[in-house]
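Numbering (my numbering), first residue to last: 1 to 302.
Note that beta-carbon positions come from the ideal geometry of N, C-alpha and C, so glycine has one too.
One structure is given here, and the rest of the page talks about it.
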Ligand SMILES: Cc1cc2nc3c(=O)[nH]c(=O)nc-3n(C[C@H](O)[C@H](O)[C@H](O)COP(=O)(O)OP(=O)(O)OC[C@H]3O[C@@H](n4cnc5c(N)ncnc54)[C@H](O)[C@@H]3O)c2cc1C
């Protein structure tokens, strides 16, 4: 589906939703890579109930829809996205509440905030994910993992809107978590309930701080404009694979793999999305040629 270019905002969205939506809005400032074209329509709901209404209006006019969390895993092409982008990074969708052993998180809450809050309450299960950029919703959809443990392992249930805009609650089993993946594609994740384990606060805090420092040290020091485009294959880390194949620092125009942490793709001044895509293709091709490993993309291309 794509929005016929003649449709204006007022043609698609009813009056009561129009104040939430902007037309031809830049996306680059919401993305870690800092590049890419605009969204035809961009909405940031101020109440959860508005999400289904926005989607319904878009569907009625055959306008394609994408959900944006904190933009740490999305590359937008130069042409932009010809449809409706709904950002869930606002306060309406970013609450964090603890009840007993359970954390209830809005999809837009920062993953790092969720880790810090639960550790402070003496609840273990998310502390190893501290410092991974992005939202809780984005992490659950992509089954983010670190230190050999994925986020799906502590999910109890997920409130979603399904493809027809119906609200439902699904179990962790139904979410089909596997290595850096889930079967949540096509759903909008609204809230997630985590079942965590009571532990001693001091021990959890020390572990979290250690992992956070270690994670920071493994990142390119001088830039914030980075993504981690590939999923680690089962047998070897992407970092080692790229070092072993001599591709560290590989450059395509104003985009490069970092020299010392080559699992990160870095955009420099004047970088373009096309350059990113060409660099990704070159890396995949070379790795396949030299090792027979077909690197899978983590990065979502819009
Ligand atoms: C420096 C750096 C380090 C990283 N380290 C790790 C790591 O150690 N381990 C790891 O697993 N990942 C890592 N990542 C990848 C990234 O942080 C995760 O993929 C992150 O969880 C994405 O969350 P986000 O909110 O930024 O998602 P976005 O980039 O906004 O979106 C990513 C995808 O998820 C979809 N999505 C987002 N929110 C929702 C929702 N609520 N409902 C439905 N779909 C949604 C989007 O449509 C898009 O397809 C790293 C990334 C960077 C830049």
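- Distances between the C-beta of residue 141 and the heavy atoms of ligand 1 include at least one below 7 angstroms.
- Taking residue 192 as reference, the option from 252, 148, 12, 160 with the minimal CA-CA separation is 160.
- In the DSSP annotation of this structure, the continuous segment of the alpha helix (DSSP H) that includes residue 201 starts and ends at 201-217.
- With a cut-off of 8 angstroms on Cβ pairs, the region 166-174 is not in contact with the region 209-225, counting fewer than three such pairs.
- Collapsing the DSSP output to three states places residue 84 in a strand.
- The DSSP-derived three-state label of residue 65 is strand.
- The beta carbon of residue 105 sits closer than 6 angstroms to the beta carbons of 96, 114, 136, 192 from its chain, once the five residues preceding and following it are set aside; these are given in chain order.
- Short of 7 angstroms from the beta carbon of residue 26, and not among the five residues preceding or following it, lie these beta carbons of its own chain, in chain order: 38.
- In the structure shown, the three-state DSSP call for residue 91 is helix.
- For residue 70, the shortest C-beta to heavy atom distance toward ligand 1 is below 7 angstroms.
- Here DSSP, grouped into helix, strand and coil, assigns residue 287 to helix.
- DSSP lists no beta-bridge partner residue for residue 151.
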